[in-house]
Amino acid sequence: FCPEDFDIKEKIKVFIYKDNEGEKVATTQIPKISLNEFVLLEVKAVADVGTFMDWGLDKDLMVPFNEQRQKMEEDRWYIIYMEIDGKSDRLYGSNKIEKFLQNENLTVEEGEEVDLLIWKQTDMGFSVIVNNIHSGLVFENEIFKELNVGDKLKGFVKNIREDNKLDISIQPLGYKNTIDPNVESVFYTLKENNGFLAITDKSSPDDIYETFSMSKKAFKKAIGSLYKERKIELNKDGIKLV
90 FCPEDFDIKE KIKVFIYKDN EGEKVATTQI PKISLNEFVL LEVKAVADVG
140 TFMDWGLDKD LMVPFNEQRQ KMEEDRWYII YMEIDGKSDR LYGSNKIEKF
190 LQNENLTVEE GEEVDLLIWK QTDMGFSVIV NNIHSGLVFE NEIFKELNVG
240 DKLKGFVKNI REDNKLDISI QPLGYKNTID PNVESVFYTL KENNGFLAIT
290 DKSSPDDIYE TFSMSKKAFK KAIGSLYKER KIELNKDGIK LV
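Mapping to the numbering used here: the sequence shown position 97 is 186, numbers consecutive.
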């Protein structure tokens with residue numbers, strides 16, 4: 090792919106890769122994923138040879154069937170790692186995330202700020218990719234905002250276990266102790282009710298106490314804090330998670 094509106098001798102940035110015939114191709118299109126990187130991508134098509142992902146180029150990125158953790162479906166999104174084939178020098182994607190992560194030789198320390206990519210949800214919380222190389226876990230009871238697979242965010246190494254597994258916090262260490270328990274209660278009650286409750290600051294003290302086990306004054310303070318942090322919307326008919 091080449092734009093029509095550029096001049097001879099003009100410098101442009103291109104991405105180079107090999108096509109099906111093994112020929113080098115240059116394009117000015119910017120891929121959504123780089124070599125040896127994890128990114129959330131969408132399936133465009135499933136064919137006999139593998140699954141094809143939308144990675145920002147006209148030619149889709151193939152994920153061979155033997156590189157899929159589970160059967161991949163069209164129009165769904167998956168975390169993909171881009172690798173280069175040692176024999177053909179062609180790029181391909183893999184959904185077998187574990188084989189590209191290692192915790193044997195850690196490059197992080199307790200308390201260190203790290204880059205996170207939400208990888209998958211588990212019974213204990215969310216598995217995360219740490220600094221594009223290690224695996225870690227954010228525990229469910231320490232999550233104070235909505236998280237989705239593919240989200241990128243900062244976090245902190247809370248604990249390194251004896252087996253080198255990483256416990257990760259998504260808020261600065263020590264922050265949890267400063268959170269108003271009433272704020273947490275409202276947030277998690279909303280989360281457990283699909284993000285909406287027909288309760289407002291105009292509701293009766295009895296209705297508020299029955300739902301949140303707190304006074305109306307404490308409730309109004311809690312939703313005020315959540316609203317300032319842009320975690321909820323206040324509507325006439327109730328409160329809703331953003």
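Think of the CB as a built atom: it goes at the ideal place given N, C-alpha and C, for glycine as much as any other residue.
Annotation: K254 to N125 spans about 22 Å, alpha carbon to alpha carbon. Going by DSSP, D178 is part of no alpha helix (DSSP H) at all; its letter is neither H nor E. Judged by DSSP in its simplified three-state form, E198 adopts coil rather than helix or strand.
Judged by their CB atoms, L286 and D256 are not nearer to each other than the 8 Å cut-off. In this structure, L180 places its C-beta atom within 8 Å of the C-beta atom of Y106. Contact annotation: the stretch 125-138 touches the stretch 148-167, with at least three C-beta pairs closer than 8 Å.
Looking only at I232, E201, K133, D204, the smallest Cα-Cα distance to F215 is reached by I232.
Where V272 is concerned, the enclosing alpha helix (DSSP H) starts and stops at 270-281. Taking a contact as a CB-CB distance under 8 Å, the pair D252 and S314 does not count as one, their CB atoms being some 38 Å apart. A Cβ-Cβ separation of about 22 Å leaves F127 out of contact with T116 under the 8 Å criterion. Taking C-alpha positions only, V114 is separated from D108 by approximately 7 Å. Rounded to the nearest whole angstrom, the C-alpha separation of E163 and W208 is 19 Å. When secondary structure is reduced to three states using DSSP, T116 falls in the strand class.
The shortest C-alpha to C-alpha distance from K133 to any of Y316, G145, K247 is the one to G145.
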